[in-house]
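In the working numbering, the protein residues as written are 6 to 205. Note that the Cβ used here is the ideal one computed from N, Cα and C, for glycine as well. Given the structure is predicted, the values throughout are model-derived calculations rather than measurements. To start, the structure under review is shown below, and the notes come after it.
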Amino acid sequence: MKIGVVGSGSMGTALGKALAAKGHSVFFGSRTPRSVAGFQTGTYEEAVRHGEIIILTTTWECTLNIVNGLKINDKIIIDCTNPETHDGRGLAVGHTTSGSEEIAKICSGARIVKAFCHVYAEMLTVPAFGTEKASVFYCGDDSDAKAVILKLIAEMGFDPVDAGPLKSARYIEPLAMLMVQLVREMKMGPDRIAMKLLKR
Ligand SMILES: NC(=O)c1ccc[n+]([C@@H]2O[C@H](COP(=O)([O-])OP(=O)(O)OC[C@H]3O[C@@H](n4cnc5c(N)ncnc54)[C@H](OP(=O)(O)O)[C@@H]3O)[C@@H](O)[C@H]2O)c1
Numbered sequence: 006m007k008i009g010v011v012g013s014g015s016m017g018t019a020l021g022k023a024l025a026a027k028g029h030s031v032f033f034g035s036r037t038p039r040s041v042a043g044f045q046t047g048t049y050e051e052a053v054r055h056g057e058i059i060i061l062t063t064t065w066e067c068t069l070n071i072v073n074g075l076k077i078n079d080k081i082i083i084d085c086t087n088p089e090t091h092d093g094r095g096l097a098v099g100h101t102t103s104g105s106e107e108i109a110k111i112c113s114g115a116r117i118v119k120a121f122c123h124v125y126a127e128m129l130t131v132p133a134f135g136t137e138k139a140s141v142f143y144c145g146d147d148s149d150a151k152a153v154i155l156k157l158i159a160e161m162g163f164d165p166v167d168a169g170p171l172k173s174a175r176y177i178e179p180l181a182m183l184m185v186q187l188v189r190e191m192k193m194g195p196d197r198i199a200m201k202l203l204k205r
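Shown next, in the form of structure tokens:
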């Protein structure tokens with residue numbers, strides 16, 4: 006599929022490269038376009054034009070302004086952002102809304118799926134723990150868009166877990182903060198831990 010990355014920092018670059026390795030056409034968009042060896046790069050607007058799917062991986066503080074300016078209304082958006090406070094130690098929104106729901110208010114026609122926000126960039130190419138696959142919780146209100154994202158998550162070697170409507174982002178975003186706590190404060194290592202939903 007054609008994928009446009011809006012925000013080519015650590016997460017955007019790692020996720021885009023992981024999807025390109027599965028055969029997808031990835032375009033990296035940045036405020037100031039820079040080269041990523043072997044890839045098409047340019048502005049955010051060009052990334053949006055390129056993508057059937059838009060990966061949103063921007064710092065929360067600028068995310069709503071960016072999506073407002075881009076007017077992404079007819080595409081699937083994978084929202085990987087976390088609405089972190091400036092110090093990165095808390096959530097700026099929660100309980101009664103989520104980052105994804107705030108983005109949805111702006112991109113009214115877009116089909117938004119929250120995914121990958123609790124997965125460290127360093128984990129994206131190493132999803133297996135022995136015979137177990139790390140889980141990726143995802144949620145959204147459009148079943149067709151969710152089916153597309155489920156396939157991408159599975160292709161990358163993760164265990165996709167459908168968490169229901171976009172409103173469930175209120176519960177998934179705090180999981181990302183738990184991962185941040187475990188990695189930054191408890192020093193567990195971004196490529197050594199991941200979440201797994203056990204089922205029977
Ligand atoms: N790193 C991870 O492991 C990880 C995992 C899951 C989710 N996330 C989420 O992904 C998002 C990006 O995280 P990151 O770790 O990739 O951060 P990062 O490396 O610092 O990248 C920040 C991104 O935000 C964009 N940006 C746009 N306006 C900005 C501004 N005014 N100041 C700073 N950055 C601006 C940058 O885009 P340009 O390309 O234009 O520079 C860049 O892509 C965050 O919402 C984070 O919570 C990260």
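Residue pairing by DSSP places Leu157 opposite no residue, since no beta bridge is assigned to it.
C-alpha of Phe121 to C-alpha of Cys85: approximately 5 Å in a straight line.
Between Val141 and Asp164, the C-beta spacing is below 8 Å.
In the three-state reduction of the DSSP assignment, Ser40 falls in the coil class, being assigned neither a helical nor a strand state. Take Ala23, set aside five residues on each side of it, and the residues of its chain with a beta-carbon closer than 7 Å to its own are Leu129, Thr130 and Met161, in chain order.
Bounds of the alpha helix (DSSP H) holding Tyr176 are Ala174 to Val185. Comparing C-alpha distances from Gln45 to each of Pro195, Val153, Ser30 and Ile117 shows the shortest one belongs to Ser30.
Inter-residue distance for Ala115 and Ile71 is about 14 Å (C-alpha atoms, whole angstroms).
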